[in-house]
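First up is the structure itself, then whatever we jot down about it.
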Amino acid sequence: MTDIQPEPSSNGAGKVGAPPFFRRAQDRAPSPSQVQWACRPNATLDCGWGRLLYGPSFESSALLAQALQQEVSGKRDIALHVSEPQLVLAEAPADLFLDPSLIFRRMLDPAAPDEEPAAGVHVRPLATRADIAVINRLYMMRGMVPLDPKTVWAQRHSDALIYLVAEDENSGEVIGSVIGVDHVAAFGEQDGSSLWCLVVDPQTGLSGTGPTLINHLSAQLAKRGRKFVDLSVLHSNEHAIGLYRKMGFEQVPGFVVKHKNAINEQLFVNTEEIAGLNPYARLIVDEARRRGIGVEVIDTAAGIFKLRYCGHEILCRESLTELTGGVAMTWCQDKVLTLRRLASVGLRVPRQQVAGDAQADAAFLREYGSIVVKPALGEQGRGISVDIRSEQDLTEAINRAASIGGHVVLEEYCPGQDLRVVVIGYKVVAAAIRRPAEVTGNGVLTIAQLIERQSARRAAATGGESRIPVDAETIRCLAANGLTMESIPANGLQIRVRKTANLHTGGTIHDVTDVLHPALRDAAELAARALRIPVVGLDFLVEQPDSAEYVLIEANERPGLANHEPQPTAQRFIDLLFPLTA
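Numbering (the working numbering), first residue to last: 1 to 582.
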């Protein structure tokens, strides 16, 4: 696993040259493998996600191995700076493994001036229990072990730990976090420290949040007199390593040892086929394996796999299974049939017409004033044009939709927020507002450059699933606001670059399950029963998620369950397939 989760852009923090906290190589402190510090014996620190065990402080390899084997279920303990890992592993080879991570170090200088934060980013200490909840949401979005709220709240003022959060200055939303460990206070080490669990909201439009958090933490540690800050990063995370090097981190000798558990499994078991699955399939497979369900990957690229438990087998393509019948597939795949079926059971849907006759198409546009043009058989937002108001735009939109294949649908444009509701076993499990892709100006970069950076962040966070297309539809959306790809938005100005809210066109997802109106919940469950589909993602347009007003516009027979953390979508999915393992 990767202990550090950086964002793709350094927003200038990685300029070539000596960074503010960097010292010459000859000034560097020796590594723990070179000097035995006068540490407290067998020093450990509970960081909230698990314990940090300081390797040089342990009196023997046997004691360190025993401590690692006392790891609590659901947590992740880390033994840092283990000088003789082979001896530790020899104590418990079936239970421990050598983590394939590298240790990087940045030298600190208390006299160095503070780095300016990225535009729009404010860093502060963790202050409320709500901060912990938001951090955990970010951790779960990135597949990280969540913090124990009681542990973190009890030691938020500890000298040993520094919990920082980054806020969007405009919205006040927490968009990032980092943990610092003061090794002097925590372990009795001479003058070191370390950085852990850097995480940035993959949906933020602000650049440079990660480097700002690193610089702020480094400055705090430097003012305490710490000479260096270490971090551990997976050897294969080339992007993160590149960022850290630009920020003045250099690789130093050292080893990390961990306990074998389900969280770390991909690091010590040959899971090449599973690692190749997309995030939607991998989420399900990981949950199945945690329950002892056998997994056979049949087609990695297509996300097709077989699950087996106690003689029962079922084939899946991501969240689509053999439980979904052919008629249900037909209803969901053709958007004309979808709305016809939903309307037949009394659900509210927009007016619709199949495109083809130019005069009839123009008449439909005149009748409603603003329409949506979409391929009837499309998915993932491809070929969709929203809020079409002119006949010229209508013709171009129909051609774009037709290029996807199949017939084209004209649909009454209904304003509102895009709400995705996931139904599993005919019960609502998750709901999220999906927002169209936006970029935030900094007064320097063009919209094209901002899109490139935002796409890189979204792709890194979603395994390549979410990017903002630079196409005719993006250019049309910008032109409607008097902008081009070369426009330079003012600092803090948010620019909506698409009108569709699909994840695959760069949209962002915001959980609203807890505030979903009962009428929307009832409508989603009725729709699933009407379509006779046990696992489905239903798309609504709503005033607010806690309001009863809606129109239902689409049904997705293969919803991406990985998009709805922290809701237990994968757990409920496996419950449906293998109820005895619940």
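Backbone N, C-alpha and C define an ideal beta-carbon position, used for all residues, glycine too.
Along the chain, where does the alpha helix (DSSP H) containing Val421 start, and where does it finish? Position 421 of the sequence shown, counted from the start, is the residue given in the question as residue 421. Boundaries for Val421: no alpha helix (DSSP H) harbours it, while the beta strand (DSSP E) harbouring it runs Gln417 to Ile424, taken from the DSSP string.
Considering only the beta carbon of each residue, do Glu438 and Ile384 sit closer than 8 Å? Sequence index remark: in the sequence shown, residue 438 carries index 438 (1-based). Sequence index remark: in the sequence shown, residue 384 carries index 384 (1-based). The answer is no: Cβ separation not under 8 Å.
Three-state secondary structure (DSSP) of His122: For the purposes of this step, residue 122 is taken as the residue at position 122 of the sequence shown. Here His122 sits in strand by DSSP.
Backbone CA spacing between Pro534 and Ser73 [nearest angstrom]: The residue given as residue 534 occupies position 534 in the sequence shown. The residue given as residue 73 occupies position 73 in the sequence shown. In this structure, the straight-line span from the alpha carbon of Pro534 to that of Ser73 is close to 32 Å.
Taking buried to mean at least 16 other C-beta atoms within 10 Å of its own C-beta, is Gln392 buried or exposed? As a working mapping, residue 392 is identified with position 392 in the sequence shown. Result: exposed.
Since Leu584 contacts Leu337 with CB under 8 Å, what's their CB separation in whole angstroms? With the chain covering 1 to 582 only, the question about residue 584 has no answer from this structure.
Please list the segments of the beta strand (DSSP E) lying wholly inside the region 35-93, counting only runs of 3 or more residues, in order along the chain. Whole beta strand (DSSP E) segments, 3+ residues: 44-46, 51-54 and 78-80.
Span of the alpha helix (DSSP H) holding His183? Here residue 183 is taken as the residue at index 183 of the sequence shown, counted from 1. Note, His183: alpha helix (DSSP H), His183 to Phe187.
Among the residues of its own chain, which have a CB less than 6 Å from the CB of Val134, if the five just before and after it don't count? Numbered from its first residue, the sequence shown carries residue 134 at position 134. Val174, listed in sequence order.
Out of curiosity, what's the CA-to-CA distance linking Leu68 and Ile78? As a working note, residue 68 is residue 68 in the sequence shown. As a working note, residue 78 is residue 78 in the sequence shown. About 8 Å.
Contact between the region 427-437 and the region 395-405 (3+ Cβ pairs under 8 Å): Put simply, the region 427-437 does not touch the region 395-405. Fewer than three CB pairs are less than 8 Å apart.
Near Arg521, what residues of its chain come up, given a Cβ to Cβ distance below 6 Å and the 5 sequence neighbours on each side ignored? As a first step, residue 521 must be located in the sequence shown, where it is residue number 521. Same-chain partners within the cutoff: Val428.
Distance between beta carbons of Ala460 and His235, contact taken as under 8 Å: Stepping through the sequence shown from its first residue, residue 235 is reached at position 235. Stepping through the sequence shown from its first residue, residue 460 is reached at position 460. In fact, because the Cβ distance is near 17 Å, the residues do not count as touching under 8 Å.
4-residue-minimum alpha helix (DSSP H) runs that sit fully inside the region 553-582, ordered along the chain: Considered as a whole, the region 553-582 harbours 569-577 as its complete alpha helix (DSSP H) runs of no fewer than 4 residues, in chain order.
Would you tell me roughly how many angstroms separate the C-alpha atoms of Val285 and Ile274, rounded to the nearest one? Residue mapping note: residue 285 aligns to position 285 of the sequence shown, counting from 1. Residue mapping note: residue 274 aligns to position 274 of the sequence shown, counting from 1. Distance between the alpha carbons of Val285 and Ile274 is about 8 Å.
Using the beta-carbon count (16 or more within 10 Å), is Lys335 buried or exposed? Counting from one through the sequence shown, the residue named residue 335 turns up at place 335. Result: buried.
DSSP three-state call for Gln352: helix, strand or coil? The count along the sequence shown starts at 1 and reaches residue 352 at position 352. Of the three classes helix, strand and coil, the one that applies to Gln352 here is strand, per DSSP.
Backbone secondary structure at Lys223 - three-state DSSP: Counted from its first residue, the sequence shown places residue 223 at position 223. Lys223: helix per DSSP, three-state reduction.
Less than 8 Å between the C-beta atoms of Leu283 and Ala582, yes or no? Position 283 of the sequence shown holds residue 283. Position 582 of the sequence shown holds residue 582. Not closer than 8 Å, so no.
Residue burial classification, Glu116 (beta-carbon count within 10 angstroms, cutoff 16): Residue numbering aside, residue 116 sits at position 116 when the sequence shown is read from its first letter. Glu116 is exposed by the Cβ-count criterion.
Taking the CB atoms as reference points, tell me whether Gly225 and Asp201 lie closer together than 8 Å. By 1-based counting over the sequence shown, the position of residue 225 is 225. By 1-based counting over the sequence shown, the position of residue 201 is 201. Asp201 is positioned such that its CB atom lies no closer than 8 Å to that of Gly225.
Is the distance from the Cβ of Ala288 to the Cβ of Glu318 below 8 Å? Counted from its first residue, the sequence shown places residue 288 at position 288. Counted from its first residue, the sequence shown places residue 318 at position 318. No, the Cβ-Cβ distance between Ala288 and Glu318 is not below 8 Å.
Residue environment, Glu565, which counts as buried when at least 16 other CB atoms sit within 10 Å: Position 565 of the sequence shown, counted from the first residue, corresponds to residue 565. Buried: at least 16 other Cβ atoms inside 10 Å.
Output yes or no for whether 8 Å exceeds the beta carbon distance between Ile447 and Ser455. To locate residue 447, count along the sequence shown from 1; it is residue 447. To locate residue 455, count along the sequence shown from 1; it is residue 455. No, these two residues do not count as a Cβ contact at 8 Å.
By the DSSP assignment, the alpha helix (DSSP H) with His239 in it spans what residues? Residue numbering aside, residue 239 sits at position 239 when the sequence shown is read from its first letter. His239 -> alpha helix (DSSP H) spans Glu238 to Lys246.
Measuring CB to CB, does Ala528 end up less than 8 Å from Val345? Stepping through the sequence shown from its first residue, residue 528 is reached at position 528. Stepping through the sequence shown from its first residue, residue 345 is reached at position 345. In terms of Cβ geometry, Ala528 and Val345 do not form a close pair [threshold 8 Å].
Would you kindly check if the distance between the Cβ of Ser370 and the Cβ of Asp387 is under 8 Å? As a first step, residue 387 is located in the sequence shown; it is residue number 387 there, counting from the start. As a first step, residue 370 is located in the sequence shown; it is residue number 370 there, counting from the start. Contact flag set, yes.
According to DSSP, is His504 helix, strand or coil? Position 504 of the sequence shown, counted from the first residue, corresponds to residue 504. DSSP places His504 in helix when its eight states are reduced to three.
Start and end residues, alpha helix (DSSP H) containing Gln203: In the sequence shown, the residue the question calls residue 203 occupies position 203. Membership of Gln203 in any alpha helix (DSSP H) is not indicated, and neither H nor E is assigned to it by DSSP.
Out of Val256, Leu89, Thr321 and Glu322, which one is the CA nearest neighbour of Arg76? By 1-based counting over the sequence shown, the position of residue 76 is 76. Among Val256, Leu89, Thr321 and Glu322, the Cα nearest to that of Arg76 belongs to Val256.
Starting from Gly326, trace the beta strand (DSSP E) in both directions and tell me its first and last residue. As a working note, residue 326 is residue 326 in the sequence shown. DSSP places Gly326 in no beta strand (DSSP E) but in the uninterrupted alpha helix (DSSP H) bounded by Gly326 to Gln333.
Consult DSSP for Pro375 and reduce its assignment to one of helix, strand or coil. Numbered from 1 along the sequence shown, position 375 holds the residue referred to as residue 375. Three-state DSSP puts Pro375 in a strand.
Could you give the C-beta distance for Val458 and Gly506, rounded to a whole number, given that I count them as a contact under 8 Å? Position 458 of the sequence shown, counted from the first residue, corresponds to residue 458. Position 506 of the sequence shown, counted from the first residue, corresponds to residue 506. The sequence shown places Arg at residue 458, not Val. So it is a contact: roughly 6 Å between Cβ atoms.
Below 7 Å CB to CB, which residues in the same chain sit around Phe305 once its five sequence neighbours on both sides are set aside? As a working note, residue 305 is residue 305 in the sequence shown. Only residues of its own chain outside the window of five on either side were considered, and among them Ala281, Val285, Val295, Glu296, Val297, Ile298 and Cys316 have a CB closer than 7 Å to the CB of Phe305, listed in chain order.
Cross-strand partners of Ile314 (DSSP beta bridge): The residue given as residue 314 occupies position 314 in the sequence shown. Its beta-bridge partners are Leu307.
Assign Gln86 to one of two classes, buried (16 or more other C-beta atoms within 10 Å of its C-beta) or exposed (fewer than that). In the sequence shown, residue 86 corresponds to position 86, counting from 1. Gln86 is classed as exposed because its beta carbon has fewer than 16 other beta carbons within 10 Å across all chains shown.
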